[in-house]
Structures are given as C-alpha cells and as structure tokens.
Amino acid sequence: MRRRDADTPVNAAAAPEGAEGPPPVALTIDALGRKCPIPIIMLAQRINDVPMNATVAVLADDPAAFTDVPAWCRLKSHHHVGSYELPQGGWAIHVRRNY
Numbered sequence: 001m002r003r004r005d006a007d008t009p010v011n012a013a014a015a016p017e018g019a020e021g022p023p024p025v026a027l028t029i030d031a032l033g034r035k036c037p038i039p040i041i042m043l044a045q046r047i048n049d050v051p052m053n054a055t056v057a058v059l060a061d062d063p064a065a066f067t068d069v070p071a072w073c074r075l076k077s078h079h080h081v082g083s084y085e086l087p088q089g090g091w092a093i094h095v096r097r098n099y
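Letter by letter, the sequence shown follows residues 1 to 99 of full-length UniProt numbering.
1) In the DSSP assignment, what are the bridge partners of threonine 67?
2) Consult DSSP for asparagine 11 and reduce its assignment to one of helix, strand or coil.
3) Quick check on alanine 6: buried or exposed, where buried means 16 or more other Cβ atoms within 10 Å of its Cβ?
4) Can alanine 92 and alanine 65 be called in contact, C-beta distance under 8 Å?
5) Short check: CB of histidine 79 to CB of asparagine 48, under 8 Å?
6) With DSSP run on the structure shown, which of helix, strand or coil describes alanine 26?
7) Hey, could you find the ends of the alpha helix (DSSP H) arginine 46 is sitting in?
8) Nearest by alpha-carbon distance to valine 81: which of Gly89, Ala71, Arg74 and Arg96 is it?
Printed below as a string of structure tokens:
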C-alpha cells in the first residue's frame, strides 16, 4: 500500500476540490492499538463534547475502523469529513458533529 502524508486524503472524494488539508480539529480521540468496536464506542461517548459543526479526529490503526467509523457517521447522521493516513500507520478519521 502506498503511504500518504497525514494531510492527504485516503479517498480523493473525501476532500473538496481546492481544499488545503484536513479541517481544524476540536477534539482528538486516540484509539491507536484498539480494535473495533472500541474506536466507535470512544467516538460515540465523546462526540457531544464538541460544539455543533466541530470536527473530531479519531486516530485508529484497526482496518475495521477505516470503514466502520464512516458507516457509524451515516447511521447516526454525522458527517465523515475524510480519512487521512498517519505517518506512523493508521488513520486520522475526521467526523463533523451535525447535531
């Protein structure tokens, strides 16, 4: 797998055209080394700690989190902003709180 910088979206569709890296983050949840569903549980417990429309970054290295966090966003009506590879491995999965 090709490595990307932390500010490069894994999925090009995740970043709007002309965007300059990931959005500012109001809260970072460090779930590195934890297996799903723990990263999602941590996100669900903490997302209300940030104001509406703020971004939460979930740091995770479990491949299941890469797909499960965006699925959780769809299920709970939050917005998956994008997933960004971390230099040490894993991803910073950005979620915007919608309500």
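Positions of the beta carbon are idealized from the N, C-alpha and C atoms, including for glycine.
In short, the structure shows the following:
1) Counted from its first residue, the sequence shown places residue 67 at position 67. In the DSSP output, where bridge partners are listed per residue, threonine 67 has none listed.
2) In the sequence shown, counting from the first residue as 1, residue 11 sits at position 11. In this predicted model, asparagine 11 has a pLDDT of only 47, less than 50, meaning its place in the structure is not dependable enough to derive any value.
3) Stepping through the sequence shown from its first residue, residue 6 is reached at position 6. Residue confidence for alanine 6 is low, a pLDDT of 45 falling below 50, so the modelled location carries little weight and cannot support an answer.
4) As a working note, residue 92 is residue 92 in the sequence shown. As a working note, residue 65 is residue 65 in the sequence shown. Not a contact, by the Cβ cut-off of 8 Å.
5) Taking the first residue of the sequence shown as 1, we reach residue 79 at position 79. Taking the first residue of the sequence shown as 1, we reach residue 48 at position 48. No, the Cβ-Cβ distance between histidine 79 and asparagine 48 is not below 8 Å.
6) Locating residue 26 in the sequence shown gives position 26, counting from the first residue. In the structure shown, alanine 26 sits in coil (DSSP, three-state: anything other than H, G, I, E or B).
7) The residue labelled residue 46 in the question sits at position 46 within the sequence shown. Arginine 46 -> alpha helix (DSSP H) spans 38-46.
8) Residue 81 sits at position 81 when you count from the first residue of the sequence shown. Comparing Cα-Cα distances from valine 81 to each of Gly89, Ala71, Arg74 and Arg96, the minimum goes to Arg96.
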